[in-house]
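Trainee: First, the structure itself, so that you have it in front of you.
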Amino acid sequence: MQQFDAIIIGSGIGGLVCGNILSKEGMKVCILEKNKQIGGCLQTFSRDKVIFDSGVHYIGGLDKGQNLYQVFKYLGLMDKLKLERMDENAFDKIIIENDYKEYALAQGYDNFIKQLSADFPGEGKAIREYCNTVQAVCKKFPLYNLRSGGEYKEKEEVLETDTKAFIESLTSDKKLQAVLAGNNILYAGQPDKTPFYIHALILNSYIESSWKCIDGGSQIAKYLAQNIRKSGGVVLCSHEVKKIKEETGEVIYVESENGTRFSAKNYISNIHPVKTLEILDTCLIRPAYKNRIRNLENSISCFCLNIVLKKNTFKYFHHNYYWHKQGKIWSMQNYDAGNWPLGYAIFLSPSSKTKEYAETLSVLTYMKYDDVKEWAHTFNTTTKNQGRGKPYENFKIQKAETLLAVVEEKFPGLRNCIQSYYAATPLSYRDYLGTGDGSLYGIVKDYKDPVKTLMAPQTKLPNFYFTGQNLNLHGILGATITALATCTALLGNENIIDKIKNA
Numbered sequence: 001m002q003q004f005d006a007i008i009i010g011s012g013i014g015g016l017v018c019g020n021i022l023s024k025e026g027m028k029v030c031i032l033e034k035n036k037q038i039g040g041c042l043q044t045f046s047r048d049k050v051i052f053d054s055g056v057h058y059i060g061g062l063d064k065g066q067n068l069y070q071v072f073k074y075l076g077l078m079d080k081l082k083l084e085r086m087d088e089n090a091f092d093k094i095i096i097e098n099d100y101k102e103y104a105l106a107q108g109y110d111n112f113i114k115q116l117s118a119d120f121p122g123e124g125k126a127i128r129e130y131c132n133t134v135q136a137v138c139k140k141f142p143l144y145n146l147r148s149g150g151e152y153k154e155k156e157e158v159l160e161t162d163t164k165a166f167i168e169s170l171t172s173d174k175k176l177q178a179v180l181a182g183n184n185i186l187y188a189g190q191p192d193k194t195p196f197y198i199h200a201l202i203l204n205s206y207i208e209s210s211w212k213c214i215d216g217g218s219q220i221a222k223y224l225a226q227n228i229r230k231s232g233g234v235v236l237c238s239h240e241v242k243k244i245k246e247e248t249g250e251v252i253y254v255e256s257e258n259g260t261r262f263s264a265k266n267y268i269s270n271i272h273p274v275k276t277l278e279i280l281d282t283c284l285i286r287p288a289y290k291n292r293i294r295n296l297e298n299s300i301s302c303f304c305l306n307i308v309l310k311k312n313t314f315k316y317f318h319h320n321y322y323w324h325k326q327g328k329i330w331s332m333q334n335y336d337a338g339n340w341p342l343g344y345a346i347f348l349s350p351s352s353k354t355k356e357y358a359e360t361l362s363v364l365t366y367m368k369y370d371d372v373k374e375w376a377h378t379f380n381t382t383t384k385n386q387g388r389g390k391p392y393e394n395f396k397i398q399k400a401e402t403l404l405a406v407v408e409e410k411f412p413g414l415r416n417c418i419q420s421y422y423a424a425t426p427l428s429y430r431d432y433l434g435t436g437d438g439s440l441y442g443i444v445k446d447y448k449d450p451v452k453t454l455m456a457p458q459t460k461l462p463n464f465y466f467t468g469q470n471l472n473l474h475g476i477l478g479a480t481i482t483a484l485a486t487c488t489a490l491l492g493n494e495n496i497i498d499k500i501k502n503a
């Protein structure tokens, strides 16, 4: 049995960043991935010779000196990535049913205030207060600011604010309220639940700077895996971990689906905590803890329509669109069969082949796992390929056509630009990303009980750790910052934070 310093289960961004940091600290790392392609939400796929992103539609905080820039620079990525800066006057445009206007969210706080104040001339004070509060909340999170130290008490005071209630406290203008929350699909925002710090940490990164990956986000995973291999580590695909074995108080090995065992001094799980606890063979984790984790609410899943566009038919734009039905910004998840969808997001992917026209267009909207539950017994991945049958294909077509009809209200003639389209449902996200119900962002955070939904990287087993989006914050930035927390816990010091700041 080959011996490693650290074994990491799952090659999503959190696992890969952990592997890179530990490799740079001299550890021999092994990453075990169940799929044939590494990267989790960094994965790309090709249809009709064009590239689609699975989940990395845009990235924040990548301008010089910003938090993700510093981490990526430390990891040797910034000189390699092919990036495109989004429109500085509008990284996102919020559009609302029955309103002809497009409301721009701009990069840079001064520009953000300037652009929104032009649309809401009497609301400058509310917009400035919004921006000041977002920045003040973000300063309470040490790792997010690449700052050592900092106790739970520092951020405790900002954990118990409701996003919807806070935005409504700023202004009575319903339209401005809807615009400030207009891209809440980014975090599956729920009224009277989603903490404002989640909104703030995510929006702050995009306001600071917004970027897209040219030719897809899988380049991030590729370079991170190369770094690990150059340091003597291994990244193994098609190795689904089926057992994590504990003896005498520590994990002693993990076993893959084909029966191969891997042993290390330390172990990190980058898969969902519920899935992790299902394969953890130990008596030391109390049933009460397992039940608590199992009963935490997961965020909703989605339906994604990936469209291949006819050549030179759809002009490329350097922003995203978020649309919602009037009055439904906080209830988009509460659709029924008759009014779906209540909102959607549109993303274009930049290509090195063309600048003026878009090759692909992705439309993302909410979809509950229950909508596809009748096919839950089927699997469709690179390792388990079971067709789900004609009824499932018909379901996807019907939903795709319904969604397209709504999108065409804003983009008339879109259908004439479509060469082909491919739909992904919660089952697609379940199978390829390894979440039990296709959850977009993992465990739902609740401002009324923040401690319940925040997870520490340490476990009862001294050589076993968690990482990934379920602990603190999701997304490329969120999972990267969580990886820092995991690595500082494993290493027993925060020296890497200073190394990253000074990279």
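Last residue of the sequence shown: 503 (my numbering), numbering continuous.
Where is the CB? At the ideal position from N, CA and C, for every residue including glycine.
(1) Let me know if glycine 438 comes out buried or exposed under the rule of 16 or more other beta-carbons within 10 Å of its beta-carbon.
(2) Going by C-alpha distance, which of Tyr366, Lys125, Arg47 and Val56 is nearest isoleucine 13?
(3) Threonine 163 and histidine 199: beta carbons closer than 7 Å?
(4) Which one or two residues does DSSP pair with valine 251 in a beta bridge?
(5) What does the Cβ neighbour count give for asparagine 385, buried or exposed, with the cut at 16 atoms within 10 Å?
(6) Could you check the C-alpha separation between isoleucine 397 and alanine 423 for me, to the nearest Å?
(7) Taking Cβ to Cβ, would you say valine 274 is nearer than 7 Å to leucine 461?
(8) Put tyrosine 366 into one of helix, strand or coil per three-state DSSP.
(9) Tyrosine 344 and leucine 364 look like a contact to me (Cβ under 8 Å); what is the Cβ gap, rounded to whole Å?
(10) When the Cα atoms are used, what is the spatial distance from glutamine 326 to lysine 368?
(11) Once the 5 residues before and after tyrosine 335 are set aside, which same chain residues still bring their CB inside 8 Å of it?
(12) Would you give the residue range spanned by the beta strand (DSSP E) that aspartate 110 belongs to?
(13) When you compare each of Phe464, Ser169 and Gly233 to phenylalanine 4 by their alpha carbons, which one comes out closest?
(14) List the endpoints of the continuous alpha helix (DSSP H) containing tryptophan 288.
(15) Once DSSP output is grouped into helix, strand and coil, what is the label at cysteine 283?
(16) Are there 16 or more other CB atoms within 10 angstroms of the CB of alanine 104, so buried, or fewer, so exposed?
(17) Going by DSSP, what residues sit across from leucine 348 in a beta bridge?
(18) Would the beta-carbon of tyrosine 223 fall within 7 Å of that of lysine 28?
(19) Phenylalanine 141 to phenylalanine 347, Cα distance in whole Å?
(20) For the candidate residues Phe72, Val137 and Glu356, whose alpha-carbon lies nearest to that of asparagine 204?
(21) Decide yes or no for the touch test of the segment 91-100 against the segment 236-252: beta carbon pairs closer than 8 Å, at least 3 of them.
(22) Classify tyrosine 100 as helix, strand or coil using the three-state DSSP reduction.
(23) Excluding sequence positions up to five away, which residues of its chain have a Cβ less than 7 Å from the Cβ of leucine 454?
(24) With a cut-off of 8 Å, do at least 3 Cβ pairs link the segment 427-437 to the segment 257-274?
(25) Considering only residues of the same chain and omitting the five flanking positions on each side of alanine 181, which have a CB-CB separation below 6 Å?
(26) For glycine 438, which of helix, strand or coil comes out of DSSP?
(27) Could you give the distance in angstroms between the alpha-carbon of leucine 491 and the alpha-carbon of phenylalanine 262?
(28) Whole angstroms are fine: how far does the CA of aspartate 371 sit from the CA of valine 71?
(29) Any chance you could list the alpha helix (DSSP H) runs of at least 4 consecutive residues sitting entirely within the segment 21-74, in chain order?
(30) Restricting to Cα atoms, I'd like to know which of Glu494, Ile476 and Ile497 is closest to glutamine 43.
(31) Should leucine 32 go down as buried or exposed, given a rule of 16 or more other Cβ atoms within 10 Å for buried?
(32) Alpha carbon to alpha carbon, how far is asparagine 227 from leucine 77?
(33) Please return the same chain residues whose Cβ sits closer than 8 Å to the Cβ of lysine 114, not counting the five positions on each side in sequence.
(34) Give the range of the beta strand (DSSP E) segment to which phenylalanine 464 is assigned.
(35) Thinking lysine 243 and valine 254 are a contact (beta carbons under 8 Å), I'd like their distance in whole angstroms, please.
(36) Please confirm whether cysteine 30 and alanine 483 have their CB atoms less than 7 Å apart.
Mentor: Reading off the structure:
(1) As a position in the sequence shown, residue 438 is number 438, starting the count at 1. In summary, glycine 438 is buried, with 16 or more beta-carbon neighbours lying within 10 Å of its beta-carbon over all protein chains present.
(2) Translated into positions along the sequence shown, residue 13 becomes position 13. When only C-alpha atoms are compared, the closest one is Val56.
(3) The sequence position of residue 163 within the sequence shown is 163, counting from 1. The sequence position of residue 199 within the sequence shown is 199, counting from 1. Contact: yes.
(4) As a working note, residue 251 is residue 251 in the sequence shown. In DSSP, valine 251 forms a bridge with Glu246.
(5) Looking up residue 385 in the sequence shown gives position 385. Because asparagine 385 carries a pLDDT of 47, less than 50, the predicted location of this residue cannot be relied on, and the following value inherits that uncertainty. Residue environment: asparagine 385 is assigned as exposed (fewer than 16 neighbouring CB atoms within 10 Å of its CB, all protein chains considered).
(6) Here residue 397 refers to the residue found at position 397 of the sequence shown. Here residue 423 refers to the residue found at position 423 of the sequence shown. Just so you know, the alpha carbons of isoleucine 397 and alanine 423 end up roughly 8 Å apart.
(7) To locate residue 274, count along the sequence shown from 1; it is residue 274. To locate residue 461, count along the sequence shown from 1; it is residue 461. No, Cβ-Cβ distance for valine 274 and leucine 461 is not below 7 Å.
(8) As a first step, residue 366 is located in the sequence shown; it is residue number 366 there, counting from the start. It is a strand residue.
(9) The residue labelled residue 344 in the question sits at position 344 within the sequence shown. The residue labelled residue 364 in the question sits at position 364 within the sequence shown. The distance from the Cβ of tyrosine 344 to that of leucine 364 is about 6 Å, consistent with a contact at the 8 Å cut-off.
(10) Taking the sequence shown and counting its residues from 1, one reaches residue 326 at position 326. Taking the sequence shown and counting its residues from 1, one reaches residue 368 at position 368. Each residue's Cα considered, the two are about 21 Å apart.
(11) Within the sequence shown, residue 335 is the residue found at index 335, counting from 1. Sequence-distant Cβ neighbours of tyrosine 335 in its own chain, meaning closer than 8 Å and more than five residues away, are Pro341, Leu342 and Tyr366.
(12) Numbered from its first residue, the sequence shown carries residue 110 at position 110. First-last for aspartate 110: 109-119, but that is the alpha helix (DSSP H), not the beta strand (DSSP E).
(13) Looking up residue 4 in the sequence shown gives position 4. It is Gly233.
(14) As a position in the sequence shown, residue 288 is number 288, starting the count at 1. Residue identity check: residue 288 is alanine in the sequence provided, not tryptophan. It spans 287-294 - the alpha helix (DSSP H) in which alanine 288 sits, taken as one unbroken run.
(15) The residue given as residue 283 occupies position 283 in the sequence shown. Cysteine 283 falls in the coil class under three-state DSSP.
(16) As a first step, residue 104 is located in the sequence shown; it is residue number 104 there, counting from the start. Taking a 10 Å sphere around the C-beta of alanine 104, we find 16 or more other C-beta atoms and assign the residue as buried.
(17) Reading the sequence shown from its first residue, position 348 is the one you call residue 348. Answer is Leu361, bridged to leucine 348.
(18) Within the sequence shown, numbered from 1, the residue matching residue 223 stands at position 223. Within the sequence shown, numbered from 1, the residue matching residue 28 stands at position 28. No, Cβ-Cβ distance for tyrosine 223 and lysine 28 is not below 7 Å.
(19) Here residue 141 is taken as the residue at index 141 of the sequence shown, counted from 1. Here residue 347 is taken as the residue at index 347 of the sequence shown, counted from 1. For phenylalanine 141 and phenylalanine 347, the distance between alpha carbons rounds to 29 Å.
(20) As a working note, residue 204 is residue 204 in the sequence shown. Of the candidates Phe72, Val137 and Glu356, the one whose C-alpha sits nearest the C-alpha of asparagine 204 is Val137.
(21) No: fewer than three Cβ pairs fall under 8 Å.
(22) Translated into the one-based positions of the sequence shown, residue 100 becomes position 100. Tyrosine 100: coil per DSSP, three-state reduction.
(23) As a first step, residue 454 must be located in the sequence shown, where it is residue number 454. Cβ neighbours of leucine 454 beyond the five flanking positions: Asn472.
(24) Segment contact: the segment 427-437 against the segment 257-274, three or more CB-CB distances shorter than 8 Å; contact assigned.
(25) The residue labelled residue 181 in the question sits at position 181 within the sequence shown. Within the same chain, Cβ atoms closer than 6 Å to the Cβ of alanine 181 are found at Ile167 and Ile329, the five residues on either side in sequence being excluded.
(26) Taking the sequence shown and counting its residues from 1, one reaches residue 438 at position 438. Collapsing the DSSP output to three states places glycine 438 in coil.
(27) Position 491 of the sequence shown holds residue 491. Position 262 of the sequence shown holds residue 262. In this structure, the CA atom of leucine 491 is about 21 Å from the CA atom of phenylalanine 262.
(28) Position 71 of the sequence shown, counted from the first residue, corresponds to residue 71. Position 371 of the sequence shown, counted from the first residue, corresponds to residue 371. Spanning the alpha carbons of valine 71 and aspartate 371 requires a straight line of approximately 39 Å.
(29) Within the segment 21-74, the runs of alpha helix (DSSP H) at least 4 residues long that lie entirely inside it are, in chain order, 67-74.
(30) Here residue 43 refers to the residue found at position 43 of the sequence shown. Comparing alpha-carbon positions, the option among Glu494, Ile476 and Ile497 lying closest to glutamine 43 turns out to be Ile476.
(31) Taking the first residue of the sequence shown as position 1, residue 32 is located at position 32. By the 10 Å Cβ count, leucine 32 comes out buried.
(32) By one-based count along the sequence shown, residue 227 stands at place 227. By one-based count along the sequence shown, residue 77 stands at place 77. Whole-angstrom Cα-Cα distance: 10 Å.
(33) Counted from its first residue, the sequence shown places residue 114 at position 114. Counting only residues of its own chain and dropping the five nearest sequence neighbours on each side, lysine 114 has a CB closer than 8 Å to the CB of Ala106.
(34) Within the sequence shown, residue 464 is the residue found at index 464, counting from 1. Here the beta strand (DSSP E) through phenylalanine 464 covers 464-466.
(35) Translated into the one-based positions of the sequence shown, residue 243 becomes position 243. Translated into the one-based positions of the sequence shown, residue 254 becomes position 254. Indeed they touch by this definition, with Cβ atoms about 7 Å apart.
(36) Translated into the one-based positions of the sequence shown, residue 30 becomes position 30. Translated into the one-based positions of the sequence shown, residue 483 becomes position 483. In this structure, alanine 483 does not lie closer than 7 Å to cysteine 30 by Cβ.
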